[in-house]
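Colleague: Have a look at this one before I ask anything.
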Amino acid sequence: MSENLRFKDHHTEQRLFRNRMLVAIFGVVVLLGVLVARFYNLQVVNYEDYRTQSDQNRIQVRPVPPTRGLIYDRNGEMLADNRPSYTLSVVRERVRDLDATLELLGHLVDLEDGDVEKFNRRLQRRRPFEPVPLRYRLSEEEIARISVNEFHLPGVSVEAELVRYYPESELFAHSVGYVGRINDRELSSFTEEDVRRYRGTQSIGKVGLERSYEDLLLGEVGYENVETNARGRVLRVLERHDPKPGAELTLHLDTRLQQVATEALGDNRGAVVAIDVKTGGVLAFVSQPSYDPNLFVTGISFKDYSALRDSLDVPLFNRVVQGQYPPGSTLKPMMGLGGLAAGIITAETEVADPGYYKLPNDSRIYRDWKRWGHGKHIDLIEGLAQSCDVYFWDMAARWNIDGMHDVATRFGLGEKTGIDLPREYPGLFPSRAWKRGARGVPWFPGDSLNAVLGQGFVLATPLQLAVMTATIANRGTHYRPQMVMAIDGVEQPPEVLHHVDARPEHWDLVFEGMEAVVYSTHGTGKKAGAGLDFKVAGKSGTAQVVGIAQGEKYDSEALKERHRDHALFVAFAPVDDPQIAVSVLVENGEGGGRVAAPVAREVFFDWMSRPLENTASRHSWRAPMRISAPAGPHMYQQEGGVRG
483 MSENLRFKDH
493 HTEQRLFRNR
503 MLVAIFGVVV
513 LLGVLVARFY
523 NLQVVNYEDY
533 RTQSDQNRIQ
543 VRPVPPTRGL
553 IYDRNGEMLA
563 DNRPSYTLSV
573 VRERVRDLDA
583 TLELLGHLVD
593 LEDGDVEKFN
603 RRLQRRRPFE
613 PVPLRYRLSE
623 EEIARISVNE
633 FHLPGVSVEA
643 ELVRYYPESE
653 LFAHSVGYVG
663 RINDRELSSF
673 TEEDVRRYRG
683 TQSIGKVGLE
693 RSYEDLLLGE
703 VGYENVETNA
713 RGRVLRVLER
723 HDPKPGAELT
733 LHLDTRLQQV
743 ATEALGDNRG
753 AVVAIDVKTG
763 GVLAFVSQPS
773 YDPNLFVTGI
783 SFKDYSALRD
793 SLDVPLFNRV
803 VQGQYPPGST
813 LKPMMGLGGL
823 AAGIITAETE
833 VADPGYYKLP
843 NDSRIYRDWK
853 RWGHGKHIDL
863 IEGLAQSCDV
873 YFWDMAARWN
883 IDGMHDVATR
893 FGLGEKTGID
903 LPREYPGLFP
913 SRAWKRGARG
923 VPWFPGDSLN
933 AVLGQGFVLA
943 TPLQLAVMTA
953 TIANRGTHYR
963 PQMVMAIDGV
973 EQPPEVLHHV
983 DARPEHWDLV
993 FEGMEAVVYS
1003 THGTGKKAGA
1013 GLDFKVAGKS
1023 GTAQVVGIAQ
1033 GEKYDSEALK
1043 ERHRDHALFV
1053 AFAPVDDPQI
1063 AVSVLVENGE
1073 GGGRVAAPVA
1083 REVFFDWMSR
1093 PLENTASRHS
1103 WRAPMRISAP
1113 AGPHMYQQEG
1123 GVRG
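Be aware that the sequence shown starts at 483, since it is given in the working numbering, and climbs by one per residue.
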């Protein structure tokens, strides 16, 4: 005991404890200083930077796509609508294992190889934290499966969006057109402004009015700041700037008239165009066969597209504005008017038609469609009524091609009509300069004989023929054809391109001749006016598809169906006060008066039989209720005459 007391040194122990405590306190103070300094650096010096980074993890800026503008017909019938659809989307930054997530989703919903391929392409052009669509139009059962397995699928969401829907399906496919998903080619052509405008939007107008009025229909994108959790789920919306919806279009098109024209054309390949003579508004726009534009909205399947692409009837081909056909004898009224205005013929000019025509110093015989001829005293009225080729050949032989070219151009042939639709083809009406430049040879007198009958090098679209007929109907006022009548309720005024000058008696003579086509004893278009209580003026045409050698007779049975003549008919009604002009083309239909004229008759009957208080009301419209290519037919050289 005494030894322990002897060795115990309280003073030394106390000093040692104090030293250790000072060291510990110093260490704590130093560490606390470091902590305070670091805290100061985070909370004061770099506060704004770290707050921004924190908000970026917690708050996301999401684009709010605008509602695409609706499209109505002239009576307020919906032609292009927006309907809700549920889309399966993935935010790549929120997904831990993308391959495993896609594999799991493949068990929950029906995913095709094409869906995954398109998804991978979209991943490459997305913005960070932007949802990328994987599957569109989920069923309720698929939505339920994803909801049950939500905890296994971080970064996966089901989003509701509005997608385009065309309630009339095939009826307006070639006029209204359709939207489709933005592809790589379109994206590569986008400017920075385009990228901003299409944020949050997957679709763009592809064809038809959807394409030509894309800028108006699209609207302006909005955005919202949303607070999300660690899984990327939206907790609340902090701020929202609403998008501006696209403009609403009201068209000149009439749904009932479109249906009538489509049914009258039946299963034939061809086109029907009806134009309001007083405004240039397009009332009917039919290209047959057609297709369902809804197939393209969220991405058409390879099988469906192959069926459309490989069809011999080329349903994707817009025959109204892209089909370039020999117009045949439908040009004769225009040529007759031009001959009168140029002094080549008069009302008293007569020719003898023995069934053929020969140019001076030329051994070639040009056969009239009527082998035994039309008589010894054929004037312009009879020449139109019976579609006498010899009368117009005689006129062409005394005229010059440049004069005919000038007349045709003033009626809208050989150049685009300027309709508010994309991808219009210009057709062709030749001249000396054109042939020298395109073929490297001079113009021959026989070329003029072909041209005056709408054959040879001459090509026209059904729309051009309708514009030509409407210009005749209103005695020279050439309107630009228009599809859109009003934008957001503001009516678009008609646009006059120019006026074709001719003496009143010349117009009267052409009117009389076109009326005789329908009502005279030997008229070629009698079926156009059958049973109507108003007068129709028209002109039939039958255009050869393949050439016939001299001395041979056209034999329908010996030709393949697609090598037979095209049937055409143009007309306007009523004669005393024209309201509507129509052009009809039936591919390989052979007889214009027999096959095409009855189609025009049905269009006239429907339009003129509607109960209206006065004629002017035909050009007004009812405000709609607001609810918030493969190559065309080819031309072949004409050897003989054409039938009317």
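Heads up, the beta-carbon is just placed ideally off N, CA and C, and yes, glycines get one too.
Starting from Leu-765, trace the beta strand (DSSP E) both ways and give me its first and last residue.
Modeller: Here residue 765 corresponds to residue number 283 of the sequence shown, with the count starting at 1. Unbroken beta strand (DSSP E) run through Leu-765: 764-770.
Colleague: Please report how far the alpha carbon of Trp-851 lies from the alpha carbon of Ser-1022, in whole angstroms.
Modeller: The residue labelled residue 851 in the question sits at position 369 within the sequence shown. The residue labelled residue 1022 in the question sits at position 540 within the sequence shown. Each residue's alpha carbon lies about 13 Å from the other.
Colleague: Relative to the alpha-carbon of Tyr-618, which residue among Asp-597, Glu-977, Val-677 has its alpha-carbon at the smallest distance?
Modeller: Residue mapping note: residue 618 aligns to position 136 of the sequence shown, counting from 1. Out of Asp-597, Glu-977, Val-677, Asp-597 has the C-alpha closest to the C-alpha of Tyr-618.
Colleague: Considering only their Cβ atoms, is the gap separating Val-1057 from Ile-757 smaller than 8 Å?
Modeller: The sequence position of residue 757 within the sequence shown is 275, counting from 1. The sequence position of residue 1057 within the sequence shown is 575, counting from 1. Taking 8 Å as the Cβ cut-off, Ile-757 and Val-1057 do not qualify as a contacting pair.
Colleague: Looking at the secondary structure, which residues open and close the beta strand (DSSP E) in which Phe-1051 lies?
Modeller: To locate residue 1051, count along the sequence shown from 1; it is residue 569. From DSSP, the beta strand (DSSP E) with Phe-1051 extends over 1048-1055.
Colleague: Hey, could you find the ends of the alpha helix (DSSP H) Tyr-522 is sitting in?
Modeller: Here residue 522 is taken as the residue at index 40 of the sequence shown, counted from 1. Taken as a continuous stretch (DSSP letters only), the alpha helix (DSSP H) holding Tyr-522 covers 492-522.
Colleague: What's the gap between the Cα of Ser-1091 and the Cα of Asn-564?
Modeller: Translated into positions along the sequence shown, residue 1091 becomes position 609. Translated into positions along the sequence shown, residue 564 becomes position 82. CA-to-CA, the gap between Ser-1091 and Asn-564 works out to about 34 Å.
Colleague: Across which residues does DSSP place Met-560 in a beta bridge pair?
Modeller: Taking the sequence shown and counting its residues from 1, one reaches residue 560 at position 78. DSSP output for Met-560 lists Tyr-554 as bridge partner(s).
Colleague: Can you round the beta-carbon distance between Val-1000 and Gly-1013 to whole angstroms, since I take them to be within the 8 Å contact cut?
Modeller: Taking the sequence shown and counting its residues from 1, the one referred to as residue 1000 is at position 518. Taking the sequence shown and counting its residues from 1, the one referred to as residue 1013 is at position 531. Rounded, the Cβ-Cβ distance is 12 Å, inconsistent with contact.
Colleague: For Phe-778, which residues of its own chain have a beta-carbon under 8 Å away from its beta-carbon, when the five flanking residues on both sides are left out?
Modeller: Translated into positions along the sequence shown, residue 778 becomes position 296. Hits under 8 Å: Tyr-660, Val-661, Gly-662, Lys-688.
Colleague: To the nearest angstrom, how far is it from the Cα of Arg-718 to the Cα of Asn-501?
Modeller: In the sequence shown, counting from the first residue as 1, residue 718 sits at position 236. In the sequence shown, counting from the first residue as 1, residue 501 sits at position 19. Distance between the alpha carbons of Arg-718 and Asn-501: 57 Å.
Colleague: Count the other C-beta atoms from every protein chain shown that fall within 10 angstroms of the C-beta of Asn-750, then say buried if there are 16 or more, exposed otherwise.
Modeller: Residue 750 sits at position 268 when you count from the first residue of the sequence shown. Per the 10 Å Cβ criterion, buried.
Colleague: On the DSSP bridge assignment, give the partners of Tyr-839 in chain order.
Modeller: To locate residue 839, count along the sequence shown from 1; it is residue 357. Beta-bridge pairing links Tyr-839 to Tyr-848.
Colleague: For Met-965, report the span of its alpha helix (DSSP H) as first-last.
Modeller: Working through the sequence shown from its first residue, we reach residue 965 at position 483. Segment: none, Met-965 is in no alpha helix (DSSP H) and carries neither H nor E.
Colleague: With a CB to CB cut of under 6 Å and the five nearest residues on each side skipped, what residues in its chain are close to His-960?
Modeller: Residue mapping note: residue 960 aligns to position 478 of the sequence shown, counting from 1. Once the five neighbours on either side are set aside, the close Cβ partners of His-960 are Thr-953, Leu-979, His-980.
Colleague: Output the distance between the C-alpha atoms of Ile-969 and Gly-762, rounded to the nearest integer angstrom.
Modeller: Here residue 969 corresponds to residue number 487 of the sequence shown, with the count starting at 1. Here residue 762 corresponds to residue number 280 of the sequence shown, with the count starting at 1. Here the alpha carbons of Gly-762 and Ile-969 stand approximately 17 Å from one another.
Colleague: May I ask which residues mark the beginning and end of the beta strand (DSSP E) holding Glu-643?
Modeller: On the sequence shown, position 161 is the one that residue 643 refers to. Run containing Glu-643: 638-647, per the beta strand (DSSP E) assignment.
Colleague: Could you pull out every residue in the same chain whose Cβ sits closer than 8 Å to the Cβ of Leu-739, ignoring the five residues on either side in sequence?
Modeller: Here residue 739 corresponds to residue number 257 of the sequence shown, with the count starting at 1. Take Leu-739, set aside five residues on each side of it, and the residues of its chain with a beta-carbon closer than 8 Å to its own are Ala-756, Leu-765, Ala-766, Val-1085, Asp-1088, Trp-1089, in chain order.
Colleague: Residues bridged to His-980 by DSSP?
Modeller: Translated into positions along the sequence shown, residue 980 becomes position 498. Per DSSP, His-960.
Colleague: Taking the C-alpha atoms as reference points, what is the distance between Leu-931 and Gln-937?
Modeller: Translated into positions along the sequence shown, residue 931 becomes position 449. Translated into positions along the sequence shown, residue 937 becomes position 455. When only Cα atoms are considered, Leu-931 and Gln-937 end up about 9 Å apart.
Colleague: Where in the segment 869-923 do unbroken runs of the alpha helix (DSSP H), each at least 4 residues long, occur, reported from the N-terminal end onward?
Modeller: 871-879, 883-892, 914-921
Colleague: So, do the segment 555-563 and the segment 583-593 have three or more beta carbon pairs nearer to each other than 8 Å?
Modeller: no
Colleague: Just the C-alpha distance for Arg-497 and Asp-491, rounded to the nearest angstrom, thanks.
Modeller: Here residue 497 refers to the residue found at position 15 of the sequence shown. Here residue 491 refers to the residue found at position 9 of the sequence shown. Rounded to whole angstroms, Arg-497 to Asp-491 spans 10 Å at the Cα level.
Colleague: Using DSSP with H/G/I as helix, E/B as strand and the rest coil, what is Gln-946?
Modeller: The residue you call residue 946 lines up with position 464 of the sequence shown. Gln-946: helix per DSSP, three-state reduction.
Colleague: How many angstroms separate the CA atom of Gln-1026 from the CA atom of Leu-1050?
Modeller: On the sequence shown, residue 1026 is found 544 positions in, with the first residue counted as 1. On the sequence shown, residue 1050 is found 568 positions in, with the first residue counted as 1. Near 11 Å, if we compare the C-alpha coordinates of Leu-1050 and Gln-1026.
Colleague: For Lys-726, which beta-bridge partners are listed by DSSP?
Modeller: Position 244 of the sequence shown, counting from 1, holds the residue named residue 726. Looking at the DSSP assignment, Lys-726 forms a beta bridge with Glu-702.
Colleague: What's the gap between the Cα of Phe-1062 and the Cα of Ala-1079?
Modeller: For the purposes of this step, residue 1062 is taken as residue 580 along the sequence shown, with counting starting at 1. For the purposes of this step, residue 1079 is taken as residue 597 along the sequence shown, with counting starting at 1. Position check: residue 1062 holds Ile in this sequence, whereas Phe was assumed. Their backbone Cα atoms lie some 15 Å apart in a straight line.
Colleague: Does DSSP classify Asn-707 as helix, strand or coil?
Modeller: Position 225 of the sequence shown holds residue 707. Looking at Asn-707 - three-state DSSP - the assignment turns out to be strand.
Colleague: Taking the continuous alpha helix (DSSP H) assigned at Ser-788, which residues delimit it?
Modeller: As a working note, residue 788 is residue 306 in the sequence shown. It spans 784-792 - the alpha helix (DSSP H) in which Ser-788 sits, taken as one unbroken run.
Colleague: Measuring CB to CB, does Trp-875 end up less than 8 Å from Gly-821?
Modeller: Translated into positions along the sequence shown, residue 875 becomes position 393. Translated into positions along the sequence shown, residue 821 becomes position 339. Their beta carbons are not under 8 Å apart, which means Trp-875 does not touch Gly-821 by this criterion.
Colleague: Would you kindly work out how many angstroms separate the C-alpha atoms of Arg-957 and Lys-726, rounded to a whole number?
Modeller: Residue 957 sits at position 475 when you count from the first residue of the sequence shown. Residue 726 sits at position 244 when you count from the first residue of the sequence shown. Approximately 44 Å, taken between the alpha carbons.
Colleague: Could you check the C-alpha separation between Glu-730 and Gly-551 for me, to the nearest Å?
Modeller: What you label residue 730 is simply residue 248 of the sequence shown in a count that begins at 1. What you label residue 551 is simply residue 69 of the sequence shown in a count that begins at 1. Whole-angstrom Cα-Cα distance: 5 Å.
Colleague: Please classify Lys-503 as buried or exposed, where buried requires at least 16 neighbouring CB atoms within 10 angstroms.
Modeller: One-based indexing of the sequence shown puts residue 503 at position 21. The identity of residue 503 in the sequence shown is Met, whereas the question assumes Lys. Exposed, since its Cβ has fewer than 16 Cβ neighbours within 10 Å.
Colleague: Can you list the beta strand (DSSP E) stretches of 3 or more residues lying completely in the segment 792-838, in chain order?
Modeller: 833-835
Colleague: Please report the residue range of the beta strand (DSSP E) in which Lys-760 lies.
Modeller: Numbered from its first residue, the sequence shown carries residue 760 at position 278. Neither: Lys-760 is in no beta strand (DSSP E) and is coded neither H nor E.
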